[in-house]
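Student: Per this note's numbering, residue 2 is the first one in the sequence shown, and the count goes up by one each step. Cβ coordinates follow ideal geometry from the N, Cα and C atoms, glycine included. In this text the structure is predicted, and so the values were computed from the model without any measurement.
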Amino acid sequence: MGQPARILEQDPTENFRDMIHDEVDKWVDQIIDDVFEDGKAPTIMELSKLFSETKQKFFGACFQSLIEQKYAGLLEQEYASCPQCGKVCKKRRGNIKELVTMQGPSVLKRPWFYCVDCSYGFTPLDKALEISRKKYQFDVQKKSIRTAAEVPFSSGSELFAELTDHSVSDHFMHDTFEQVGAHARLADVIPNREEITARIQEANDSSWRPVLIVASDGAHVPTRPKAKRNEKRGQGRWQEAKGFRIYLLGKDRIVHIASWHQIQNEEQFGEDLSFAASRIPQDDLRIGLLGDGADWLWKHMVACFPKGRQILDYFHCAEHIHKVAKLQYGEKSQKCLEWVESTITRLYYAEVDNVIWGLQRMKPRDNVAKEETRKLIGYLQNNRERIHYRGDRIGGYPIGSGGIESANKFICHTRMKRSGAWWVKETGNEMLRIRCAIYNGTYDRVFDKYKSACLH
Ligand SMILES: [Zn+2]
2 MGQPARILEQ DPTENFRDMI HDEVDKWVDQ IIDDVFEDGK APTIMELSKL FSETKQKFFG
62 ACFQSLIEQK YAGLLEQEYA SCPQCGKVCK KRRGNIKELV TMQGPSVLKR PWFYCVDCSY
122 GFTPLDKALE ISRKKYQFDV QKKSIRTAAE VPFSSGSELF AELTDHSVSD HFMHDTFEQV
182 GAHARLADVI PNREEITARI QEANDSSWRP VLIVASDGAH VPTRPKAKRN EKRGQGRWQE
242 AKGFRIYLLG KDRIVHIASW HQIQNEEQFG EDLSFAASRI PQDDLRIGLL GDGADWLWKH
302 MVACFPKGRQ ILDYFHCAEH IHKVAKLQYG EKSQKCLEWV ESTITRLYYA EVDNVIWGLQ
362 RMKPRDNVAK EETRKLIGYL QNNRERIHYR GDRIGGYPIG SGGIESANKF ICHTRMKRSG
422 AWWVKETGNE MLRIRCAIYN GTYDRVFDKY KSACLH
């Protein structure tokens, strides 16, 4: 009776253990040479640097050994079925794939197959391991894009190298960023209904029914037309990124739900807001709508959240009052301060008609003051129903859109308005979408969308 052939093969885990031990020995040799030489007394900084310089090679080799053992079958495969027609194809050749993961560089020699009928080449190992066609694998791509979302591409690539010891070029970052950005769609950037429901529960308290706040506004982003390489760049211009932030006011904290900003027209803004609204179970919530005086935003907020309480942003309103006071009475004059205080107090108590009446009877100091006063009257008339700050306070609603202002600063300004940065609209929107995804906690999902698209 012969022994089954299987027993003669070595256990892959033992193989792996042996290979790692070999790698450890190689690494230890390298360290010994550098550290234990006579007269050497390396400091923490020097030792840490030595580890940084050597660990990638070490881990990359371990990583490679692990794959070689775990996927030995796929590496030695002689025949494979064509994924398109199912025909069995014979291995054409061993194909070298150099790859870099966050662990370091590895090299895999894996079989490559070609189906003549389909004119289709394929590598089963790549499919099983989800190997990216790029040299830098998805783990590196994901982190480098996370970096590029915070700082300009050029310093992003420097920073990434500094912190991770992987040098990815700014071109790689930029190209990959655009590819991921193309997969960052509204439906994935906005949390899904289950996630939103969970966040609402988080804000719920037996003694407090949370208020859902929808705050919209526009921010200007510097844009330029797309130009080909070596072509003169066209004239830049500022375009409005329209956006909203939806959050919950819990008893003692704010629970973020979703942010969305895009350089886009009013109609598209309305469609996007409506999509976000469709994911929110509105029935059990108190809802507050916050915005400045811009008509476009009210039109859509009211359509998407019909039972929302409309609140004119207090700070925006106060700004208008200050402007008129300054022109009429002179900056920081006693009269100016008194008038501002009494006007704001009256608005606080929702006495809008009183304020309008007073403005209409005011004798303007000059034509500039006259024009600003006229504008203020129009502004108050347009927003009359949205000014009731005392009632808002009592009801637990916010009166100022600090929530969206800070989201705007975080999402738009910090990355979009760096000096000298002019954005092609598409890239700018990709940047905004990825930043919103990070802020909304949906970046993982967006990245997975991109990854799946690359693999299929
Ligand atoms: Zn085929």
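1) Comparing alpha-carbon positions, which option in V169, P153, E163 and R111 lies nearest K136?
2) So E241 and H221 are in contact, right, with Cβ under 8 Å, and what is the actual spacing, rounded?
3) At a cut-off of 7 Å, is K92 close to ligand 1 when judged by its beta-carbon and the heavy atoms of the ligand?
4) Compute the Euclidean distance between the alpha carbons of D118 and L67, then round it to the nearest angstrom.
5) Quick test of the definition: if touching needs 3 or more C-beta pairs under 8 Å, does the stretch 100-111 touch the stretch 40-59?
6) Could you tell me whether any non-hydrogen atom of ligand 1 is closer than 7 Å to the CB of E88?
7) In terms of alpha-carbon separation, which member of S155, E179 and C116 lies closest to V425?
8) In this structure, does DSSP put D284 in helix, strand or coil?
9) Short check: CB of E79 to CB of K91, under 8 Å?
10) For L48, count the other beta carbons within 10 Å of its own beta carbon; 16 or more makes it buried, fewer makes it exposed. Which is it?
11) Note the first and the last residue of the continuous alpha helix (DSSP H) segment covering C83.
12) According to the neighbour-count rule (16 or more other Cβ atoms, all chains shown, within 10 Å of its Cβ), is T346 buried or exposed?
13) Go to F1, then tell me how far its beta strand (DSSP E) extends in each direction, as first and last residue.
14) Got a sec? Which residues, its chain only, sit under 6 Å from A62 by beta carbon, not counting five neighbours each side?
15) For ligand 1, is there any heavy atom lying closer than 7 Å to the beta carbon of Y1?
16) To which residues does DSSP link Q311 through a beta bridge?
17) Measuring straight from C-alpha to C-alpha, what distance separates M174 and K336?
18) Near L109, which residues of its chain fall below 6 Å by C-beta distance, leaving aside the five closest residues on each side in sequence?
19) On the criterion of 16 or more Cβ atoms from any shown chain inside 10 Å, does S158 qualify as buried, or is it exposed?
20) Please tell me whether L338 has its Cβ less than 8 Å away from any Cβ of chain B.
21) Check S170 in the structure and name its three-state DSSP category.
22) Let me check you understand the geometry: is the CB of Q85 closer than 7 Å to at least one non-hydrogen atom of ligand 1?
23) Tell me the DSSP bridge mates of C116?
24) Among the residues of its own chain, which have a CB less than 7 Å from the CB of G3, if the five just before and after it don't count?
25) Does H389 come out as helix, strand or coil in the three-state DSSP assignment?
26) For D127, verify whether its CB is less than 7 Å away from any heavy atom of ligand 1.
27) Using 7 Å as the cut-off, classify the Cβ of C437 as near or not near the heavy atoms of ligand 1, replying yes or no.
28) So what's V341 in DSSP terms, helix, strand or just coil?
29) With W261 as the anchor, note down where its beta strand (DSSP E) starts and where it stops.
Tutor: Well, looking at it:
1) K136 has its Cα closest to that of V169, out of V169, P153, E163 and R111.
2) Contact between E241 and H221 holds: their C-beta atoms lie close to 6 Å from each other, under 8 Å.
3) Every heavy atom of ligand 1 is 7 Å or more from the Cβ of K92, so no.
4) Cα-Cα distance, rounded: 35 Å.
5) Touching, yes.
6) According to the sequence displayed, residue 88 carries Lys and not Glu. Under cutoff, so the answer is yes.
7) If you compare the alpha carbons of S155, E179 and C116 with that of V425, the shortest gap goes to E179.
8) Note: D284 maps to coil in three-state DSSP.
9) Contact: yes.
10) Taking a 10 Å sphere around the C-beta of L48, we find fewer than 16 other C-beta atoms and assign the residue as exposed.
11) Looking at the DSSP string, C83 is not in any alpha helix (DSSP H), and its letter there is neither H nor E.
12) With fewer than 16 other Cβ atoms within 10 Å, it is exposed.
13) Past the edges of the chain, shown from 2 to 457, lies residue 1, and the structure says nothing about it.
14) Cβ within range, chain order: E24.
15) Outside the shown range of the chain, which is 2 to 457, sits residue 1, and nothing can be said about it.
16) BP columns for Q311 point to L290.
17) Straight-line Cα distance between these residues: approximately 57 Å.
18) Around L109: K98.
19) Counting the other CB atoms within 10 Å of its CB gives S158 a total of 16 or more, which places it among the buried residues.
20) Looking at the structure shown, chain B is missing, and only one protein chain is on hand.
21) S170 sits in coil when the DSSP states are folded into three classes, being neither helix nor strand.
22) Yes, Cβ of Q85 sits closer than 7 Å to a heavy atom of ligand 1.
23) Answer by DSSP bridge pairing, in chain order: Y121.
24) A caution first: G3 carries a pLDDT of 47, below 50, which makes its placement in the model unreliable, though a value can still be read off. Here G3 has no same chain residue with a Cβ atom under 7 Å from its own Cβ, once five neighbours each way along the sequence are excluded.
25) Coil at H389, not helix or strand.
26) D127: no, Cβ never under 7 Å from ligand 1.
27) Result no, Cβ not under 7 Å from ligand 1.
28) The answer is helix: DSSP assigns V341 an H, G or I state.
29) Where W261 is concerned, the enclosing beta strand (DSSP E) stretches over I255 to I264.
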